[in-house]
Every structure is written in C-alpha cells, then in structure tokens.
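Enquirer: One gets our numbering by counting positions in the sequence shown from 1 and adding 566 to each. The structure's right below; bear with me while I get my questions together.
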Amino acid sequence: MVQFFYMSDISRFFLQCTLFKNLSSQERSIIHQSYPWNTTLFQKNAFAGFPGDDLTHFRAVLEGSLAAEIMDDRGNTVLIETLDQGALIAGPLLFSSQPILPVQLRALEPTSLLTMSKPSFLKLLASHPRVMEALLTESADKIAFLAEKIRLLQFNTLEEKLIHWFKRQAKLQNPQQNSPTSPLQVRLPFTQDTLASLFGVTRPALSRCLGEMGERGNLTRISRGIYLIPGKLMD
Numbered sequence: 567m568v569q570f571f572y573m574s575d576i577s578r579f580f581l582q583c584t585l586f587k588n589l590s591s592q593e594r595s596i597i598h599q600s601y602p603w604n605t606t607l608f609q610k611n612a613f614a615g616f617p618g619d620d621l622t623h624f625r626a627v628l629e630g631s632l633a634a635e636i637m638d639d640r641g642n643t644v645l646i647e648t649l650d651q652g653a654l655i656a657g658p659l660l661f662s663s664q665p666i667l668p669v670q671l672r673a674l675e676p677t678s679l680l681t682m683s684k685p686s687f688l689k690l691l692a693s694h695p696r697v698m699e700a701l702l703t704e705s706a707d708k709i710a711f712l713a714e715k716i717r718l719l720q721f722n723t724l725e726e727k728l729i730h731w732f733k734r735q736a737k738l739q740n741p742q743q744n745s746p747t748s749p750l751q752v753r754l755p756f757t758q759d760t761l762a763s764l765f766g767v768t769r770p771a772l773s774r775c776l777g778e779m780g781e782r783g784n785l786t787r788i789s790r791g792i793y794l795i796p797g798k799l800m801d
C-alpha cells in the first residue's frame, strides 16, 4: 500500500539513517527532492518480506519498526534483530550476486518503508560519494558484527561471552597499556539492544548478567555506556 509521507517524516528519517545523517541539511534536501522516493505502509504484524524474496529496491524504515526473524528447525521463530526508524533493510545485499532477502520481516507496529528502485539508488550513490562511503561502512560494520557473533559462539554462558568481549574491547580501546594492573575503561560502541543481539539474548537478560558481574566485582558501571574492567580480569 503506497502512502503519502510528510516532510517531518522524511526529515526525521534522514537524521536517523546512517547513509544520510552526516550530510548537510542542504545535501539531504537535494537528495530528498531529486530522486523518486516511494513509501509502503504495513499494519502491525503484517509481513513486509519473506526469505527468498528478490531484492530489487533500496528499502529503509521511515516510521515504526520491523522484526527480522528466521525459523529454526523446530518451527520456532528466532528474532535476529529489530529494525527501527532509519535502519536499512538488507542494504548491502542489494548488490550481492544473489540479491535475496535472508529473513522474514514483520511489522511490530504500524510501519512505513521508504523505497527506491535499484537503478535510481545507483544514480544516487554515483552522484553522492559520501552516501556511497556510508553504505560501504555499513556493510563493513555488519561483517565485523557477524564475525564477532560467530567468535563468541565458542563460549557456553552469557557471562563467559561478556567477560571475553569486555577484555577484547579493553585491549582495543586501551592499546597503550600492554600489561594493565589498574582498571581499564571500556565505552560501549553501540546500544544495549545491539549488544543483546550480539550475544543472542534479550535486553533484560543482558542487564541482569551485567548487574551480577558488577556484584562480583568483575565489572563496574561508572556512567551510561561506560564501564571499568578490573586489572585482575585482564590476566
């Protein structure tokens, strides 16, 4: 169902979407007015796509949110990630050798998607190198995220995964301290929702485990998104 969108909707989208949020307001306005954007509305629990669907258009979440899900061998639905306003829908896969959707997309609330045909999107990328660079960054970050998720599969419990992830982040964010004896500061590189997705758990389960680690002295939260890792944990 094609839907008219208001200027406020598209303005908020451009400020949220990783491809456009770092552009100037003038650049965003030019992109908005110069290309054939369309919108499609999905009611709550309606499906916006299924595994195996051909990817022929650039699509992103204009308003609302989608659940990207897969079915396991027992027929259970497994949430892969939640796509909120500004999120790309399989953006990099649009240019793969087999551009098909790998998940089912279900609207968690009334949700509108912003779309553009692949040829028009290619013209946009060719005319705006900064948007092209942002798309490449998005692709690289997705690959790195999935690689880290696979690496963490070797650990059995959530706490083991968290300890090794925080140790790795502490070393990456404090490269000058080769043999730390004092606590190291770690700033979360993304939201707790994304962190929960990385570990394959719900956000409440993640928060509960972080709290238990703090009680045992394996982690200290000093402010929003910033933690201290004790030197003993780095051995």
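Even for Gly, the Cβ is constructed at its ideal location relative to N, Cα and C. Here the structure is a predicted model, which is why all the values come from computation and not from measurement.
Report, in whole angstroms, the separation of the C-beta atoms of PRO796 and PRO749, which I expect to be a contact under 8 Å.
Expert: That belief holds up - the Cβ atoms of PRO796 and PRO749 are roughly 5 Å apart, short of 8 Å.
Enquirer: Between which two residues does the beta strand (DSSP E) containing SER678 stretch?
Expert: Segment 677 to 683, the beta strand (DSSP E) holding SER678.
Enquirer: Can you tell me which of ARG672, ILE729 and ILE655 puts its alpha carbon nearest to the alpha carbon of GLU778?
Expert: For GLU778, the nearest C-alpha among the options comes from ILE729.
Enquirer: To the nearest angstrom, how far is it from the Cα of ILE792 to the Cα of LEU785?
Expert: Roughly 10 Å between the two C-alpha positions.
Enquirer: Assess contact between the segment 590 to 606 and the segment 653 to 672, defined as three or more Cβ pairs (one per stretch) separated by less than 8 Å. Is contact present?
Expert: Because the criterion of three Cβ pairs below 8 Å is not met, the segment 590 to 606 and the segment 653 to 672 do not touch.
Enquirer: Below 8 Å on the Cβ atoms is my guess for GLN651 versus PHE579; work out the distance and round it to an integer in Å.
Expert: Confirmed, Cβ separation roughly 7 Å.
Enquirer: Given LEU799, which residues of its chain have a CB within under 7 Å of its CB, disregarding the five upstream and five downstream residues?
Expert: These residues qualify, in order along the chain: ILE729, LYS733 and ASN784.
Enquirer: DSSP on PHE613, reduced to helix/strand/coil?
Expert: Strand at PHE613.
Enquirer: Could you tell me whether the Cβ atoms of LEU659 and THR606 are closer together than 8 Å?
Expert: Result no, Cβ atoms of LEU659 and THR606 do not sit closer than 8 Å.
Enquirer: Which residue or residues does DSSP assign as beta-bridge partners of ILE666?
Expert: Paired residues: ASP620.
Enquirer: So, with DSSP's three-state summary, where would you put THR648?
Expert: Strand, per DSSP.
Enquirer: Rounded C-beta distance between PHE624 and MET682? I'm assuming under 8 Å.
Expert: Between MET682 and PHE624 the Cβ distance is about 5 Å, and since that is below 8 Å, they are a contact.
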